[in-house]
Amino acid sequence: MPLNLLALLRSILSRPRPRPRPRPRPSQYIANFSSLANTRPAGYSPEKSLVDSCGLSPEESIASSKGVHFDTPENPNAFLDLLKNEGFTEPQISSIVRARPRFLRSKPENTILPKIQFFQSSLAGVSKKDVLATFSKYPYLLAHSLERKLAPNLDMITNLLGPEKAAALFTHGSILFTRIDLQNRFIPNVDHLREIGVPTLSLDRAFIQCPRVFCQEQSKFRELVQEVRGMGFDPSKSVFVLAINARSVKSCLALWDQSYRVYKKWGWSEEDVRASFLKHPNCMLCSEKKLTAVLEFVAHELGREARSVAKCPSIIFYSMENRIVPRCTLVRDLASKGLVKEDWNLGTVLVRKEEDFMKKYVLQFAGEAPELCETYASRKARAGKNVGFVKIMC
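Reading the sequence shown from the start, the letters are residues 450 to 843 in this note's numbering.
This is the structure:
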């Protein structure tokens with residue numbers, strides 16, 4: 450008999466909320482050192498050097514220099530020169546130094562350069578430019594040992610998933626390269642999902658979107674899989690792994706609690722919540738701000754019950770500025786003129802591709818309601834989307 454999801458939702462509310470862990474500042478990644486020694490060359494300032502060489506703001510340079518100790522510019526200059534010579538741009542260098550100031554004390558020819566060369570030569574279809582962009586976006590990768598962590602993990606990922614998927618995971622800065630026990634957790638858990646019929650496409654998406662779902666201890670992971678199957682999820686569907694993710698991490702459970710309270714506040718029944726979760730598990734992992742914005746707009750601006758969103762919970766994840774507000778406002782106004790049905794379907798309007806929406810609701814009524822066409826174009830422009838051709842057609 451399927452697990453009673455409604456009872457599970459109620460039990461979530463009784464759990465104590467976990468205290469958020471403070472995120473460390475860059476200067477806290479390493480211990481603070483004593484003040485600079487008296488041997489520093491006259492006129493040399495580490496803070497000014499970071500401003501001049503790395504493009505950091507004065508405030509950022511002070512924060513970064515507090516976490517490292519160098520009396521002379523030789524070490525940081527060698528590090529910065531190597532990054533520049535390898536092709537890193539100034540914004541990329543700033544990103545690395547801001548996140549990992551201790552790199553300024555390292556010997557880059559031993560710590561940074563081998564990793565650049567290794568990934569450039571080992572990844573299929575990945576250029577040096579791609580490698581540099583990845584390291585600047587995810588500097589934590591550079592902090593791990595090439596011999597003990599990065600190279601062995603790349604070998605295992607490539608053997609398991611193939612070179613193309615390994616390359617895609619690298620460019621996304623996947624934690625699979627550094628923070629997950631591949632041999633004892635990731636590989637056995639992936640094998641288990643394959644055994645019960647989870648499609649390769651679903652797994653590929655999960656590797657990018659929620660890799661932490663695979664880091665559970667094997668027995669715990671199998672319990673989660675059984676729990677999700679008991680809720681009524683089909684392993685062959687794409688939402689199956691998302692449901693495991695929603696049930697696997699403490700931070701996700703906290704968001705679940707928060708989302709449940711927001712839905713109830715806006716009049717959703719427990720059956721509405723259950724139905725939405727089965728359709729799109731991530732609907733329980735949205736921020737309170739986003740959920741409130743969507744439900745408030747539907748209720749106050751469209752004059753509909755907020756619980757109508759439960760019929761198509763995927764719309765919660767669309768941009769308010771770029772999609773939800775411009776589209777729904779246009780169709781609402783078209784309906785007020787009798788040009789479309791009053792009971793237009795919210796999900797159908799929002800899920801359509803932009804080209805299809807334009808043909809169906811904008812270009813079709815450009816002659817009868819040109820002012821609405823202009824308004825739609827203006828709203829899209831304010832959201833940063835170029836739809837200038839709409840004005841020509843109107």
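Glycine residues also receive a C-beta, built at the ideal position from the N, C-alpha and C atoms.
Same chain, Cβ closer than 7 Å to residue i, neighbours up to 5 away in sequence not counted
i	result
valine 580	Ile565, Phe568, Gln569
alanine 742	Met769
glycine 796	Lys760, Cys761, Ile764
serine 571	Leu603
lysine 790	Ala784
leucine 788	Phe814, Glu817, Ala818
serine 494	Caution applies to serine 494, whose pLDDT of 47 falls short of 50 and renders its modelled position unreliable; the value that the coordinates give is listed next. Closer than 7 Å at Cβ, skipping near neighbours: no residue.
alanine 527	Pro557
valine 677	Phe689, Ala692, Ile693, Arg696
Outcome for residue i when other beta-carbon atoms lying within 10 angstroms are tallied against a minimum of 16
i	result
asparagine 794	exposed
phenylalanine 482	Confidence at phenylalanine 482 is low in this model, with a pLDDT of 28, below 50, so the placement of that residue should be treated as unreliable; the coordinate-derived value is given next. Phenylalanine 482 is exposed by the Cβ-count criterion.
serine 484	Any reading at serine 484 needs caution, since the residue's pLDDT is 34, under 50, leaving its predicted position unreliable; the model's value is listed next. With fewer than 16 other Cβ atoms within 10 Å, it is exposed.
arginine 772	buried
proline 588	buried
serine 544	buried
serine 514	At serine 514 the pLDDT is 49, less than 50, meaning the model places this residue with poor confidence; the figure from the coordinates comes in the next sentence. The residue in question, serine 514, is buried, as its Cβ has 16 or more Cβ neighbours within 10 Å.
serine 594	exposed
alanine 755	buried
lysine 829	buried
asparagine 608	exposed
isoleucine 561	buried
isoleucine 542	buried
proline 557	buried
proline 540	exposed
proline 550	buried
aspartate 792	exposed
serine 687	exposed
asparagine 633	exposed
serine 576	exposed
alanine 766	One detail in the question is off: residue 766 reads as phenylalanine in this sequence, not alanine. By the neighbour-count rule (16 or more Cβ atoms within 10 Å), phenylalanine 766 is not buried but exposed.
glutamine 665	buried
leucine 642	buried
glutamine 675	exposed
leucine 650	exposed
arginine 723	buried
Beta-carbon proximity list for residue i, same chain, < 8 Å, skipping 5 on both sides
i	result
arginine 661	Ile624, Ile629, Asn694, Ser697, Val698
asparagine 487	Model confidence at asparagine 487 stands at a pLDDT of 38, short of 50, so the residue's coordinates are unreliable; what they give is reported in the following sentence. Taken in chain order, the list of residues that qualify is empty.
valine 711	Glu737, Leu740, Thr741, Leu744
aspartate 683	Phe689
phenylalanine 746	Met769, Ile773, Val774, Cys777
arginine 753	Val747, Leu795
arginine 671	His641
leucine 751	Cys777, Arg781, Leu795
From the options, residue whose alpha carbon lies closest to that of residue i
i	options	result
aspartate 640	Leu610, Lys808, Glu754, Gly622	Leu610
glutamate 817	Glu791, Leu783, Pro648	Leu783
phenylalanine 806	Val780, Thr824, Glu823	Val780
leucine 590	Gln665, Thr620, Lys533	Thr620
serine 785	Leu821, Thr583, Ser585	Leu821
phenylalanine 552	Thr538, Leu532, Gly536	Leu532
phenylalanine 656	Glu672, Ala617, Lys578, Ile542	Ala617
cysteine 735	Gln707, Lys586, Lys808	Gln707
alanine 582	Pro612, Glu535, Ala573, Pro601	Glu535
phenylalanine 537	Ala573, Pro563, Ser585, Asn526	Ser585
arginine 554	Leu704, Val546, Asn524, Ile606	Asn524
valine 758	Thr778, Gly787, Lys728	Lys728
glutamate 596	Glu804, Arg671, Asn559	Asn559
alanine 592	Phe726, Met605, Lys578, Gly622	Gly622
leucine 673	Asp530, Cys659, Ala692	Ala692
Nearest-angstrom Cβ-Cβ length linking residue i and residue j, presumed shorter than 8 Å
i	j	result
proline 648	serine 685	6 Å
arginine 776	leucine 799	6 Å
tryptophan 715	alanine 748	7 Å
lysine 598	aspartate 653	That pair is no contact at about 23 Å.
phenylalanine 663	phenylalanine 635	5 Å
tryptophan 705	methionine 733	5 Å
proline 601	alanine 573	Contact flag wrong, Cβ pair sits at about 18 Å.
Cβ shell of residue i (< 6 Å), same chain only, five flanking positions each side left out
i	result
glutamine 667	Pro637
lysine 809	none
glycine 646	Pro684, Ser685
glycine 492	The predicted position of glycine 492 is uncertain, since its pLDDT is 44 and thus under 50; no value can be drawn from it.
What runs of the alpha helix (DSSP H), each 4 residues or longer, lie entirely inside the segment 684-740? 688-697, 699-714, 719-728
Runs of alpha helix (DSSP H) wholly within the segment 528-580 (minimum 4 residues, chain order): 539-548, 557-560, 562-571
Enumerate, from N- to C-terminal direction, the unbroken alpha helix (DSSP H) stretches of 4 or more residues contained entirely within the segment 747-788. 774-785
Of all the alpha helix (DSSP H) runs that stay within the bounds of the segment 636-660, which reach a length of 4 or more residues? 636-644, 649-658
For a minimum of 4 consecutive residues, which ranges assigned as the alpha helix (DSSP H) are wholly contained in the segment 785-823? 795-800, 803-806
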